[in-house]
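Here the structure comes first, spelled out in structure tokens, and everything after it is commentary.
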Ligand code: GLC
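In my numbering, the protein residues as written are 3 to 543.
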């Protein structure tokens, strides 16, 4: 590998595996996943071939939003374990040459956090300004029209002190006021607490929300709003999020990480590409990475996805790693959205594009999750907004065919899928063409094949049915061709170009092709390509 490549920070070569701790592995038997459970499954993650783990929040929390309502930033919730167990997890992860990222939730705390308890105690408490308190609007109603992501106004009236406080999510999640100097200092110390314990960085929750308009102007209506969308989207969050001041704050946050060396900050940012890439920051080659959620949000057509990849590749600052994602604990699972066949195509796309991809736990098995019956959502978003429950993507990992899929010896907090006897790690590990085996092979190729590991991205031929692109490193060229349809498709190769299939999403072919490649329905393939006489030999499996 070239010297330039060696000099890049570790995360430009990383594949991130996102663990939702509540649902990953329960070692204690209380039906809720925990740190000891994650430690038991590190062997699995190493076998799978991922190298960086991100944990959704593990801090003490009343769990109104399942841990995204933090009541103490520098401890571990007893449901998940202890700080000593956390230290052991860091140790075990590093012993496997893997990295560990925590979820940093800086936008809001729990309403039970001692800071908020003080803040709400009186108007002249020193912590009053740590949250966003405003007088009622002229009509006695909320100070402005801002909406909560979880339904209704984002303002909650607080009778004892006669003011409203702002909450972008639940009323149990009051937003911190990052313009108050004490907040920044206290939260930066939280980062230092975990960095000193050895974490390799953070995924930062709703990073683009941290700064709000100083004048609290009303958000404008969204002309693209259609019925069926979440009511939150009726307005464009022009003044409640993505304010210009956020970038200086992020620069200061990055400096805190830099005090500890090569640590990563992954930003959760749902914004259009032109505004998203600004979050790579001004300091030359991207020090840190904002997620790109387009593969979740766009219609799954060759036209939409192909155009989005090209536009993003062009918009990325020089040296900035791409950061594609197919799923997370907030969005419908990829296999549910696209079906089993296209979920394989999507996995091949995710793991052959350049950059730092993130896999959501369970997607490597093809889990679809289980929708809660009407009225039975545990997720508060689903309780407030029927049809928007996130329970389905949070059902437990399926490890084997034993009761509750080997996730727990107790009663799982959410049920496992009824097909768990067939869809689980133990069964899929032994099936050479399973979704799990496909992921493992894709990850292996990504690690070992120089063109896939760090080759340049070249746009390939496009139709409204097939996306293709090339990864190129020196003389090594890989063609990735993905059939987005359930019909056979032909992909033309340039004249004189010869191809050898390295991997198909069906995992059943290594044929050589000239002239054209025939893709079966829902098939994607990775080919080594070149002139016939100069084709380098590649090891096939
Ligand atoms: C992020 C989290 C989501 C949470 C919200 C509020 O979007 O991913 O789970 O509900 O922030 O913290």
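Every residue, glycine too, gets a C-beta built ideally from N, C-alpha and C. As the structure is a prediction and not an experimental result, all values here were calculated from the model.
List the DSSP bridge partners of residue i.
i, result
"residue 527", "483 and 506"
"residue 18", "54 and 360"
"residue 158", "167"
"residue 312", "Answer by DSSP bridge pairing: none, since residue 312 is not bridged."
"residue 292", "269"
"residue 39", "Looking at the DSSP assignment, residue 39 forms no beta bridge with any residue, so it has no partner."
"residue 475", "478"
"residue 460", "472"
"residue 232", "The partner list for residue 232 (beta bridge, DSSP) is empty, contrary to what the question assumes."
"residue 133", "178"
"residue 110", "177"
Is the distance from the Cβ of residue i to the Cβ of residue j below 8 Å?
i, j, result
"residue 367", "residue 425", "yes"
"residue 403", "residue 378", "no"
"residue 354", "residue 482", "yes"
"residue 147", "residue 220", "yes"
"residue 61", "residue 89", "no"
"residue 192", "residue 84", "no"
"residue 180", "residue 166", "no"
"residue 467", "residue 304", "yes"
"residue 44", "residue 204", "no"
"residue 218", "residue 145", "yes"
"residue 408", "residue 415", "no"
"residue 460", "residue 495", "no"
"residue 234", "residue 149", "yes"
"residue 412", "residue 36", "no"
"residue 131", "residue 182", "yes"
"residue 239", "residue 223", "no"
"residue 282", "residue 319", "yes"
"residue 384", "residue 374", "yes"
For residue i, does the count of other Cβ atoms within 10 angstroms reach 16, so buried, or fall short, so exposed?
i, result
"residue 25", "buried"
"residue 4", "Confidence at residue 4 is low in this model, with a pLDDT of 42, below 50, so the placement of that residue is unreliable and no value is reported for it."
"residue 533", "exposed"
"residue 41", "buried"
"residue 231", "exposed"
"residue 99", "exposed"
"residue 286", "For residue 286, the predicted model reports a pLDDT of 47, less than 50, meaning its position is unreliable and no value from the coordinates is stated."
"residue 169", "buried"
"residue 63", "buried"
"residue 331", "buried"
"residue 300", "exposed"
"residue 195", "exposed"
"residue 449", "exposed"
"residue 525", "buried"
"residue 288", "Here residue 288 scores only 44 on pLDDT, less than 50, and its place in the model should not be relied on; the value that follows carries that caveat. Result: buried."
"residue 391", "buried"
"residue 399", "buried"
"residue 161", "exposed"
"residue 202", "buried"
"residue 81", "buried"
"residue 512", "exposed"
"residue 58", "buried"
"residue 9", "exposed"
"residue 389", "exposed"
"residue 430", "buried"
"residue 265", "buried"
Below 8 Å on the Cβ atoms is my guess for residue i versus residue j; work out the distance and round it to an integer in Å.
i, j, result
"residue 507", "residue 440", "6 Å"
"residue 28", "residue 34", "6 Å"
"residue 199", "residue 92", "6 Å"
"residue 313", "residue 275", "6 Å"
"residue 500", "residue 475", "Going by Cβ atoms, the distance from residue 500 to residue 475 rounds to 18 Å, so no, they are not a contact pair."
"residue 38", "residue 101", "The Cβ separation is near 20 Å, so there is no contact."
"residue 382", "residue 66", "6 Å"
"residue 343", "residue 336", "Going by Cβ atoms, the distance from residue 343 to residue 336 rounds to 12 Å, so no, they are not a contact pair."
"residue 478", "residue 458", "Going by Cβ atoms, the distance from residue 478 to residue 458 rounds to 11 Å, so no, they are not a contact pair."
"residue 371", "residue 394", "4 Å"
"residue 325", "residue 357", "6 Å"
"residue 454", "residue 491", "Contact doesn't hold; Cβ gap of about 22 Å is too wide."
"residue 172", "residue 259", "29 Å between Cβ atoms; not a contact."
Do we get a CB-CB distance below 8 Å when we pair residue i with the residues of chain B?
i, result
"residue 428", "Judged by its chain identifiers, the structure shown contains no chain B, having just a single protein chain."
**OP:** Report yes or no: do three or more beta-carbon pairs, one from the stretch 480–496 and one from the stretch 460–471, lie closer than 8 Å?
**Re:** Two segments are said to touch when three or more pairs of C-beta atoms, one from each, lie closer than 8 Å; by this definition the stretch 480–496 touches the stretch 460–471.
Subject >> At least 3 beta-carbon pairs within less than 8 Å: the stretch 204–219 vs the stretch 262–269 >> reply: Contact holds: three or more Cβ-Cβ distances are below 8 Å.
Subject >> Three CB pairs or more closer than 8 Å across the stretch 50–57 and the stretch 445–459 >> reply: Yes, since at least three Cβ pairs between the stretch 50–57 and the stretch 445–459 fall closer than 8 Å, the two stretches touch.
Subject >> Segment contact, 8 Å Cβ cut-off, at least three pairs: the stretch 110–119 with the stretch 168–184 >> reply: Using a C-beta cut-off of 8 Å, the stretch 110–119 makes contact with the stretch 168–184, since at least three inter-stretch Cβ pairs fall below that distance.
Subject >> At least 3 beta-carbon pairs within less than 8 Å: the stretch 295–313 vs the stretch 338–356 >> reply: Judged by Cβ distances under 8 Å, the stretch 295–313 makes contact with the stretch 338–356, as three or more pairs qualify.
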